[in-house]
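*Asks:* Heads up: the sequence shown begins at 37 in our numbering, then just goes up one per residue.
We treat Cβ as the ideally placed atom computed from N, Cα and C, and that holds for glycine.
My structure is below; once you've seen it, I'll send some questions.
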Amino acid sequence: MNLHEYQARTLLKAAGIPMFEGDVAATPTEAEAIARRIGGTVVIKAQVHAGGRGKAGGVKLARNPAEAADYASQILGMTIKGLTVHKVLIVPAADIATESYVGLIMDRETQRPVFMVSAAGGVDIEEVAAKTPEKITRLPVDPVYGLLPHQALTLAFGLYREFAHVRAASRIMEQLYSVFTGNGASLAEINPLVTTPDGRVLALDAKIVVDDNELDRRPDLALLRDESAEEQSEVAARRANLSFIKLDGNVGCVVNGAGLAMATMDLVKFYGGEPANFLDIGGSSNPEKVISALKIITSDPNVKAILFNIFGGITRTDDVANGIVAATRQFKVSVPIVIRLTGTNEAEAIRILEGVGMRALSDMDQAVEQVVKLAREAA
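Next up, the structure:
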């Protein structure tokens, strides 16, 4: 789950990481009041889960409260990479001497948090990693011991020469590690981490992604979710207790089990198709889940054909068949459906489907090849 910058700042501030005071506004009037309270020149920053806000016009410098209100009215409601801006963050304009990058990610390969720091901060770090990877220093952290003081100092020496800056930055890295582990994050970064002419080291921007698996035990963080910034089909799937990720293809896939989902997507691509989604109805036998799945998939105009690929174990194939039949009775499905069922209560499932004129296949290759062909013909 992505946090907005103002939400991430709250977590960093609670951990003691130094940063400028700021506040968030949902209206130009609120922005004006905050700018007046802060005083001087302020920065108005769009709060959306997207990079490149400045290039899109979502970050502006306001010299007085009236200008802050004017810029806030321009930014609020604008769309950046398909996301509508509902809030803006107002912070003091910083007098900056240097900019650096400090980030932590969960690395699946080493199965450890990995620190990444670079003196080339304030820019798109992915671009730095792609074009000049030698400018990024990486350090895997043993989660048993955490980030040790000498490791933090080593990382900080990669950014600064002055020991006062090194000491301040190493402390910030220890605090960032605490935020990362304490909130179940999969990513936590400060970009840029700046030094000011008067010698301070401050976090100017923050980004945190919380692992969704942490949210059951952290309802306080779950409350921070901004569903308006998410793909609405994914929101509907989460509410229906379905695992769903929207993709860019035209073959809608309904399967049971993540492994079968991956295998199905591989096979769709093998036969020249493109999956429109990853949707796993899970292991329970509940026709309502099938109805919800079909509603979500058919709401995507890119879907030209739908594949059910069900391997019945705990999931009863007759329940899936009942779900398909119930869904087609509740609403019109305007794209062809190819069904592959095998396993628990298979004979009953086939009888249910044949009762409404549908046909089920038992061969996975045959079903995938057929649905890819239908999607291609309809495209």
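Rounded C-beta distance between residue 228 and residue 212? I'm assuming under 8 Å.
*Replies:* Incorrect: roughly 14 Å between the Cβ atoms, too far for contact.
*Asks:* Looking at the structure shown, is residue 349 part of a helix, part of a strand, or coil, going by DSSP?
*Replies:* coil
*Asks:* Could you give the distance in angstroms between the alpha-carbon of residue 302 and the alpha-carbon of residue 378?
*Replies:* 19 Å
*Asks:* Report the CB separation of residue 74 from residue 128 in whole angstroms; it is logged as a contact under 8 Å.
*Replies:* 5 Å
*Asks:* Under the three-state reduction of DSSP, which class applies to residue 56: helix, strand or coil?
*Replies:* coil
*Asks:* For residue 263, count neighbouring C-beta atoms within 10 Å of its own C-beta (all shown protein chains included) and say buried if the count is 16 or more, exposed if not.
*Replies:* exposed
*Asks:* Spatial neighbours of residue 207 within its chain, please: CB distance less than 8 Å, with the 5 preceding and 5 following residues excluded, ordered by chain position.
*Replies:* Here residue 207 has 188 as same chain residues with Cβ atoms under 8 Å from its own Cβ, once five neighbours each way along the sequence are excluded.
*Asks:* Do you know whose CA, among 398, 179, 153, lies nearest residue 191's CA?
*Replies:* 153
*Asks:* If we count the other Cβ atoms within 10 Å of its Cβ and call it buried at 16 or more, is residue 201 buried or exposed?
*Replies:* buried
*Asks:* If you measure between the beta carbons of residue 117 and residue 107, is that distance less than 8 Å?
*Replies:* no
*Asks:* Considering Cα atoms alone, identify which of 144, 169, 146, 55 is closest to residue 130.
*Replies:* 55
*Asks:* Would you mind giving the Cβ-Cβ distance between residue 113 and residue 137, rounded to the nearest angstrom? I have them listed as a contact below 8 Å.
*Replies:* Residue 113 to residue 137, Cβ: 31 Å. No contact.
*Asks:* Select from 171, 287, 260, 339 the residue whose C-alpha is nearest the C-alpha of residue 405.
*Replies:* Scanning 171, 287, 260, 339 for the CA closest to the CA of residue 405 turns up 287.
*Asks:* Counting beta carbon pairs with one atom in the stretch 328-346 and one in the stretch 261-278, are three or more of them shorter than 8 Å?
*Replies:* By the criterion of at least three beta-carbon pairs nearer than 8 Å, the stretch 261-278 is in contact with the stretch 328-346.
*Asks:* Under 8 Å by Cβ, that's how I've got residue 25 and residue 357 pegged, so tell me the actual separation to the nearest angstrom.
*Replies:* Since the first residue of the chain shown is 37 and the last is 415, residue 25 is not available in this structure.
*Asks:* Would you check if there are 3 or more beta carbon pairs closer than 8 Å linking the stretch 254-272 to the stretch 288-296?
*Replies:* no
*Asks:* Measuring CA to CA, which of 104, 215, 396, 298 is closest to residue 372?
*Replies:* Of the candidates 104, 215, 396, 298, the residue whose Cα lies closest to the Cα of residue 372 is 396.
*Asks:* Between which two residues does the beta strand (DSSP E) harbouring residue 135 extend?
*Replies:* Counting along the chain, the unbroken beta strand (DSSP E) around residue 135 starts and ends at 134-143.
*Asks:* Taking its Cβ as the centre, do 16 or more other Cβ atoms sit within 10 Å of residue 365, making it buried, or is it exposed?
*Replies:* By the 16-neighbour rule on beta-carbons within 10 angstroms, residue 365 is exposed.
*Asks:* Looking only at its chain, what residues have a beta carbon closer than 8 Å to the beta carbon of residue 362, apart from the 5 residues adjacent to it on each side?
*Replies:* 323, 326, 327
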